[in-house]
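*Asks:* One structure coming up, written as structure tokens, with questions to follow.
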Amino acid sequence: MIRYLFLLLLLAGFVTACHHPDSQGRTGLVAFEPGVAETLNGTAPVRISYERSRRFNELFLESLRQKYQNRIDAQYELLDKALQINPEASEAIFEMGMLKTAYASYSDTLTRAEGDSLLHRAVKLEPNNLTYKEFLAIYYANKAKYREAIRLYEEIAEAELTNETLATLIWLYRTSGDFAGAIRTIERLERIDGRSEQLSMEKFQTFVLMNDYEHAFQAIEDLCAEFPLDLRYRVLMGDLYDQHGYHEQALTIYRDVLTAEPENSFAQISLLAYYKAAGADSLYHNFLHKVVMNRHTQPGARNEALTAYAVDNLRQKADAKPVVQLFHEAFAAFPDNAELPRIYADYVSEKGMGEDSVLSAVNRVLTIEPDQTKARLLALQIMIDKDSMEQVARLCREGLLYEPSEVMFYYYEGMAYFMLQRNADAIRVLQKGAERIDETTDKELASDLLATLGDVLYDTKLSEEAFLAYDRALEYNANNVDCLNNYAYYLSVLGKKLDKAEEMSKKTVDIKGDDPIYLDTYAWILFLQGQFEQARIYMNEALRYVEETPENAMFFDHAGDIYFRCGDKAKAMTYWKTALKLYPEKANRQKVQRKIWRKRI
Numbered sequence: 001m002i003r004y005l006f007l008l009l010l011l012a013g014f015v016t017a018c019h020h021p022d023s024q025g026r027t028g029l030v031a032f033e034p035g036v037a038e039t040l041n042g043t044a045p046v047r048i049s050y051e052r053s054r055r056f057n058e059l060f061l062e063s064l065r066q067k068y069q070n071r072i073d074a075q076y077e078l079l080d081k082a083l084q085i086n087p088e089a090s091e092a093i094f095e096m097g098m099l100k101t102a103y104a105s106y107s108d109t110l111t112r113a114e115g116d117s118l119l120h121r122a123v124k125l126e127p128n129n130l131t132y133k134e135f136l137a138i139y140y141a142n143k144a145k146y147r148e149a150i151r152l153y154e155e156i157a158e159a160e161l162t163n164e165t166l167a168t169l170i171w172l173y174r175t176s177g178d179f180a181g182a183i184r185t186i187e188r189l190e191r192i193d194g195r196s197e198q199l200s201m202e203k204f205q206t207f208v209l210m211n212d213y214e215h216a217f218q219a220i221e222d223l224c225a226e227f228p229l230d231l232r233y234r235v236l237m238g239d240l241y242d243q244h245g246y247h248e249q250a251l252t253i254y255r256d257v258l259t260a261e262p263e264n265s266f267a268q269i270s271l272l273a274y275y276k277a278a279g280a281d282s283l284y285h286n287f288l289h290k291v292v293m294n295r296h297t298q299p300g301a302r303n304e305a306l307t308a309y310a311v312d313n314l315r316q317k318a319d320a321k322p323v324v325q326l327f328h329e330a331f332a333a334f335p336d337n338a339e340l341p342r343i344y345a346d347y348v349s350e351k352g353m354g355e356d357s358v359l360s361a362v363n364r365v366l367t368i369e370p371d372q373t374k375a376r377l378l379a380l381q382i383m384i385d386k387d388s389m390e391q392v393a394r395l396c397r398e399g400l401l402y403e404p405s406e407v408m409f410y411y412y413e414g415m416a417y418f419m420l421q422r423n424a425d426a427i428r429v430l431q432k433g434a435e436r437i438d439e440t441t442d443k444e445l446a447s448d449l450l451a452t453l454g455d456v457l458y459d460t461k462l463s464e465e466a467f468l469a470y471d472r473a474l475e476y477n478a479n480n481v482d483c484l485n486n487y488a489y490y491l492s493v494l495g496k497k498l499d500k501a502e503e504m505s506k507k508t509v510d511i512k513g514d515d516p517i518y519l520d521t522y523a524w525i526l527f528l529q530g531q532f533e534q535a536r537i538y539m540n541e542a543l544r545y546v547e548e549t550p551e552n553a554m555f556f557d558h559a560g561d562i563y564f565r566c567g568d569k570a571k572a573m574t575y576w577k578t579a580l581k582l583y584p585e586k587a588n589r590q591k592v593q594r595k596i597w598r599k600r601i
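Sequence positions in the sequence shown follow this note's numbering and run 1 to 601.
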């Protein structure tokens, strides 16, 4: 296939300076003629003084220097001053046009319109400058104004015919739906370079897009005649016959190709599709088994055949047993093919066959290719769901051997150690992960890792270090509600910075007002601040979402304290007794019992 220009990339960095055209129409270094400025039609130059010309050159060249340093505001100011001296200078007009079109916001239609107008003006001032024309053409193409882009590229081709220009024209014609124009341009390129396999394929595909099957057949027949040893084109001809109802001819071609080349992957896949479409289930399954299990089959064809089989089974909601059986036969025959278990893992996951089946497939992948991060992350998710923290830590530890910069592995390994109460290991791993955070790291992941580090540090009685970690976490994600909640609660426990704690806790309630943990934290901080009635409002809201279970004992304990301070001692006693019943820890039960005995906090 012809390699086309990546228009967006070209537009982003097309030129680094503005130039006057050399004798070939392309650009050379800027060479300003002192005292002369061209008018729009280029016929009556406007003379400016030598001093003003020098000043213009100074401003313009300095604007380019600022551009190279990405100081856009400074570049804009310098260009504006330069254009006040010489408003007909095409190089400055062009640079200003690029600036306005590149940096105007989506909603700033006025600035973008001004940039569009300036680019037009630069091209009119220097109609032979192909750099200006090509930039404007790319600009049009990115705005889906293909007719305008084609017109400019045709002008460029007339001035300087290159393969690159014609390749771009072919892409523009096809993208705009002008397939006849694409064919004309392909034939134009053939006259320059002669016929080639790539161009013939391009022509064939374009005729298909035009629904001009007569010429499409002719193009593919020409390819078959010109490249008789490449049986791909015979298969393509068979596909074209099959698509247009000539099924017998298609079947004959597929069989002829497979007779000549039994492991031709194109013919294998096409014949499988043919049998499937024809409803010849027995032939389809027999040939599928042959393709999959034949040791001479190309791995890509084997994988494609199994993928199509699995996808069709999912679509039909059919019995999984024959699919699973064929995959397991393939696993046994081709144990080094990592793609097969990946396909199988996707299949059993979509089929809802359970985590154990998925995990078995993923483990096959990791046995063959332990550096497969995607498979490892899938296994990791399953182990997290199973609450198997030892396995989570192992998967992450092994993953870091292959991807030492993957912050997610540090995060989950540290989290696993924390859950296993191995705080020293958790701190070590999370601190290493924190060192790996850079501008490419997902900000929410970075925030979660640092927040977890804060949790572990606080649990290890390193509160000041924990609060520093929380501060860093909130720099990456100011709305990390778990971090905000824990930070606020731990400050309140220590009786420190209650105003800051209240502000952070209020934010969690504003973001997620139906979470009883966040509501409880906020109510407790209000209680510590002496805002008892406000605390009761939020505590009542928290109690709406909790049941009387051991893990919720603290909610009722806090509710008792708050109601006691609000003067409702009977309600306080009720909540304390509930907490006493629920608390599994002896120390907490004793603490609540003392409150009940003394009827005070």
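Even for Gly, the Cβ is constructed at its ideal location relative to N, Cα and C.
All values reported here derive from a predicted model rather than from experimental measurement.
Given ILE269, which residues of its chain have a CB within under 7 Å of its CB, disregarding the five upstream and five downstream residues?
*Replies:* So the list reads ALA301, GLU304 and ALA305, once near-sequence residues are dropped.
*Asks:* Mind the definition here: the region 209 to 227 touches the region 246 to 258 only if three or more C-beta pairs lie below 8 Å; say whether that holds.
*Replies:* The region 209 to 227, when compared against the region 246 to 258, does not touch it at the 8 Å Cβ threshold.
*Asks:* Does the beta carbon of GLU444 sit closer than 9 Å to a beta carbon anywhere in chain C?
*Replies:* Of the protein chains in the structure, only one exists, and it is not chain C.
*Asks:* Identify whether VAL429 lies in helix, strand or coil by the three-state DSSP scheme.
*Replies:* Here VAL429 sits in helix by DSSP.
*Asks:* Using the Cα positions of GLU91 and ASN70, report the straight-line distance between them to the nearest angstrom.
*Replies:* C-alpha separation (whole angstroms): 19 Å.
*Asks:* On a Cα-Cα basis, can you pick out the residue from LYS386, SER388 and LEU377 that is closest to GLU403?
*Replies:* It is LEU377 whose Cα lies nearest to the Cα of GLU403.
*Asks:* Looking at the secondary structure, which residues open and close the alpha helix (DSSP H) in which MET48 lies?
*Replies:* Checking the sequence, you will find Ile at residue 48 rather than Met. It is not in any alpha helix (DSSP H) - ILE48 carries neither H nor E in the DSSP assignment.
*Asks:* Could you give the distance in angstroms between the alpha-carbon of GLY97 and the alpha-carbon of ALA137?
*Replies:* Approximately 13 Å between the Cα atoms of the pair.
*Asks:* Looking only at its chain, what residues have a beta carbon closer than 7 Å to the beta carbon of ILE511, apart from the 5 residues adjacent to it on each side?
*Replies:* The residues are ASN479 and VAL481.
*Asks:* Do you know whose CA, among LYS577, GLU551 and ILE562, lies nearest PRO584's CA?
*Replies:* Selected option, being the one with the closest Cα: GLU551.
*Asks:* What would DSSP say about TYR68, mapped onto helix, strand or coil?
*Replies:* Residue state, collapsed to three classes: helix.
*Asks:* Rounded to whole angstroms, what's the CA-CA distance from LEU110 to ALA74? Just pull it up for me.
*Replies:* Distance between the alpha carbons of LEU110 and ALA74: 21 Å.
*Asks:* Specify, as a first and last residue, the run of the alpha helix (DSSP H) that TYR583 falls within.
*Replies:* Here TYR583 belongs to no alpha helix (DSSP H), and DSSP marks it neither H nor E.
*Asks:* Tell me where the alpha helix (DSSP H) around GLU95 begins and ends.
*Replies:* Per DSSP, GLU95 belongs to the alpha helix (DSSP H) from 90 to 103.
*Asks:* Taking DSSP as the reference, what is the three-state secondary structure of TYR545?
*Replies:* DSSP places TYR545 in coil when its eight states are reduced to three.
*Asks:* Can you give me the C-alpha to C-alpha distance between PHE266 and TYR233, rounded to a whole angstrom?
*Replies:* Straight-line Cα distance between these residues: approximately 10 Å.
*Asks:* Please classify ARG397: is it buried, with 16 or more other beta-carbons within 10 angstroms of its beta-carbon, or exposed?
*Replies:* It counts as exposed.
*Asks:* Suppose the cutoff is 8 Å on Cβ atoms and the five residues either side in sequence are ignored; what does the same chain contact list for LEU650 look like?
*Replies:* With the chain covering only 1 through 601, there is no way to say anything about residue 650.
*Asks:* With C-beta atoms as the reference, is GLY454 less than 9 Å away from ASN486?
*Replies:* A contact, by the Cβ cut-off of 9 Å.
*Asks:* When you compare only the Cα positions, how much space is there between LYS100 and PHE204?
*Replies:* LYS100 and PHE204: Cα-Cα distance of roughly 41 Å.
*Asks:* What's the C-alpha gap between VAL348 and ASP108?
*Replies:* Whole-angstrom Cα-Cα distance: 49 Å.
*Asks:* Would you check if the distance between the CB atom of GLY399 and the CB atom of THR452 is smaller than 9 Å?
*Replies:* Not a contact, by the Cβ cut-off of 9 Å.
*Asks:* Buried or exposed: where does ALA587 fall if 16 or more other Cβ atoms within 10 Å of its Cβ makes it buried?
*Replies:* Counting Cβ neighbours within 10 Å, ALA587 comes out exposed, since fewer than 16 surround it.
*Asks:* What does the alpha-carbon distance come out to for the pair ASN313 and ALA278?
*Replies:* Rounded to the nearest angstrom, the two C-alpha atoms are 17 Å apart.
*Asks:* Between the Cα of LEU543 and those of GLN529, ALA523 and LYS577, spot the shortest distance and give me the residue it belongs to.
*Replies:* The shortest C-alpha separation from LEU543 is found at ALA523.
*Asks:* Going along the chain, which unbroken runs of the beta strand (DSSP E) with 3 or more residues stay wholly within the region 139 to 175?
*Replies:* Fully enclosed beta strand (DSSP E) runs of 3 or longer: not present.
*Asks:* Span of the alpha helix (DSSP H) holding GLN529?
*Replies:* From DSSP, GLN529 is part of no alpha helix (DSSP H); its letter is neither H nor E.
*Asks:* Are GLN391 and MET383 closer than 9 Å when you measure CB to CB?
*Replies:* The answer is yes: Cβ separation under 9 Å.
*Asks:* By DSSP, does GLY42 sit in helix, in strand, or in coil?
*Replies:* Bear in mind that a pLDDT of 44 at GLY42, under 50, signals an unreliable position, so the number given afterwards is only what the model happens to contain. In this structure, GLY42 counts as coil in the three-state DSSP scheme.
*Asks:* What does the alpha-carbon distance come out to for the pair ALA379 and LEU395?
*Replies:* Approximately 8 Å, taken between the alpha carbons.
*Asks:* Look at the Cβ atom of MET573, then the Cβ atom of PHE555, and state whether they are nearer than 9 Å.
*Replies:* No, the pair does not count as a contact, with Cβ atoms beyond the cut-off.
*Asks:* From the DSSP output, in three-state form, read off GLY454 for me.
*Replies:* In the structure shown, GLY454 sits in a helix (DSSP, three-state: H, G or I).
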